[in-house]
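Notes for the one structure printed next.
Chains as they are written, first to last, in the working numbering: chain A, 1 to 224; chain B, 1001 to 1223.
This is the structure we're talking about:
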């Protein structure tokens, strides 16, 4: 059998290839985020000061909703033609699949963030008063928090009849501590205030939830 | 283990879905190097039996022992499973699909995928994604995926459905060849006549139970 890291790598490459060919997730995410940016920019027309106050919340809510689209797609591919059963009957470890899915979603959402951030800056005339590099750290930790939970809950809701509704119902309450930390950290950095506490909270959240998801994923995968 | 010693032993196997019992206390043995055709009406429990043997469904009670192991993880390397759906990614070509699954089994030999695709009568260089295959081609590629790890036990659910008569006969011949190599094959099918001169035993299921095992196909099944 291949090493678990090797299986994670080939599964990730397979997912990237499938997304490159179908562009299901990235197109839907981009369209949704673009809509949020444009609609809110024209609705509020905020000043630079107001933008710094609301941008944290706005950005993360847009990314959270957009991420749900990618998260739903990630397992939809696996249940079409019941391909997931082919993985389950193989000797490949379940957690290799989970990590590959999380990494794939992390890449998709990060690409979205990289494409949308310049638009947010332009539409909301954003300029960070604090160290801007910390925004990249918050983005990485926050995105991980969303995708690790989202991938896990999307797998949990796989066999439910209305899984596209189930995912947000499970994901949003569990992600609210991380979401609050992301918003507070982003707002603090934009306003030149300290964000250390929120960044540590986010890192702790990531560590705890990644561990719990890895421990429980095999049970979720084999649930009937 | 001798070739004809039991490789699969099922003892009082029960599978409940809520209040519905799909398998009602099946006890059976399946010997090595034999081809079994599992027959029965819709809802008889054929697919549930196969999924349970493949480790995809946990028994509500009873025991399944495959190659003398109780844990599916210990022997999954030796099982090939083909389901009614293709278990293939529609967006990838046949060879891309098989190369991915080969890695899950730790198969590093690059020629194995092409070889197994050829063995089911398909062209490994076909660049078309599986989603654009005909149903019959998809079935054959699905069989190729199940054969990829050179399994000792092959569990096939409706391998001939939507396959044209000529290809289905070819597939039946291929299964006979695989059986002759010493593999054990369980085939769930509604097209029993295709296996008339191929299967070693016909296993008849009804309402979640094995009701009869015969060495010849009954006249009423020769449709």
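Beta carbons are placed, not taken as given, at the ideal position from N, Cα and C, and that holds for glycine.
Leaving aside the five residues before and after residue 1099 of chain B along the sequence, list all residues of the same chain whose C-beta is less than 6 Å from its C-beta, in chain order. Cβ neighbours of residue 1099 of chain B beyond the five flanking positions: 1113.
Residue 1081 of chain B - partner residues in DSSP beta bridges: Checking the DSSP bridge columns, you'll see residue 1081 of chain B partnered with B:1155.
Since residue 54 of chain A meets chain B, which of its residues come closer than 9 Å, beta carbon to beta carbon? Identification of chain B residues near residue 54 of chain A by a Cβ-Cβ cut-off of 9 Å yields none; the smallest Cβ-Cβ distance measures about 40 Å.
Exposure label - residue 1182 of chain B; buried when at least 16 CB within 10 Å: Classified as exposed, residue 1182 of chain B has fewer than 16 neighbouring CB atoms from the shown chains inside 10 Å of its CB.
Interface residues of chain B facing residue 82 of chain A [CB-CB closer than 9 Å]: Annotation: Cβ neighbours of residue 82 of chain A in chain B (cutoff 9 Å, chain order): 1083, 1084, 1085, 1086 and 1087.
Distance, residue 85 of chain A Cα to residue 13 of chain A Cα: Answer to the nearest angstrom: the Cα atoms are 19 Å apart.
Beta-carbon spacing of residue 78 of chain A, residue 1057 of chain B below 8 Å: No, these two residues do not count as a Cβ contact at 8 Å.
Using the three-state DSSP reduction, which class does residue 1202 of chain B fall into: helix, strand or coil? Residue 1202 of chain B: strand per DSSP, three-state reduction.
Distance, residue 1034 of chain B Cα to residue 87 of chain A Cα: A direct Cα-to-Cα measurement between residue 87 of chain A and residue 1034 of chain B gives close to 26 Å.
Use the C-beta contact count for residue 1001 of chain B: other C-beta atoms within 10 angstroms, 16 or more gives buried, fewer gives exposed. Low confidence applies to residue 1001 of chain B: its pLDDT is 49, below 50, so where it sits in the model is not reliable enough to give any reading.
Chain B contact for residue 88 of chain A (CB, 8 Å cutoff): Contact of residue 88 of chain A with chain B is assigned, a C-beta pair being separated by under 8 Å.
Beta-carbon contacts of residue 116 of chain A that lie in its chain and below 6 Å, excluding the five residues immediately before and after: Only 33 meet the Cβ criterion.
Check residue 218 of chain A in the structure and name its three-state DSSP category. Helix at residue 218 of chain A.
Nearest neighbour of residue 1154 of chain B, chosen from B:1060, B:1163, B:1191 and B:1050 [CA to CA]: If we check each option's Cα against that of residue 1154 of chain B, B:1050 comes out closest.
What does DSSP give as the partner residue(s) for residue 1024 of chain B in the beta ladder? According to DSSP, residue 1024 of chain B bridges with B:1014.
Tell me, please, whether the CB atom of residue 1022 of chain B is closer than 8 Å to any CB atom in chain A? Cβ-Cβ to chain A under 8 Å: no for residue 1022 of chain B.
From residue 127 of chain A to residue 45 of chain A, what does the alpha carbon distance come to, in whole angstroms? Rounded to the nearest angstrom, the gap between the Cα atoms of residue 127 of chain A and residue 45 of chain A is 16 Å.
How about residue 1076 of chain B: is its C-beta nearer than 8 Å to some C-beta of chain A? True, the Cβ-Cβ gap to chain A drops below 8 Å.
Whole angstroms are fine: how far does the CA of residue 1088 of chain B sit from the CA of residue 1127 of chain B? Each residue's CA atom was taken as its position, placing residue 1127 of chain B and residue 1088 of chain B some 15 Å apart.
Below 9 Å between beta carbons is the criterion; list the residues of the region 21-52 of chain A that meet it against any residue of chain B, in chain order. Within the region 21-52 of chain A, the residues whose Cβ lies closer than 9 Å to some Cβ of chain B are 21 and 22, listed in chain order.
I need the boundaries of the beta strand (DSSP E) containing residue 1187 of chain B, first residue and last residue. Annotation: the continuous beta strand (DSSP E) that includes residue 1187 of chain B extends over 1184-1188.
In DSSP terms, what residue 1212 of chain B is bridged to: Per DSSP, B:1204.
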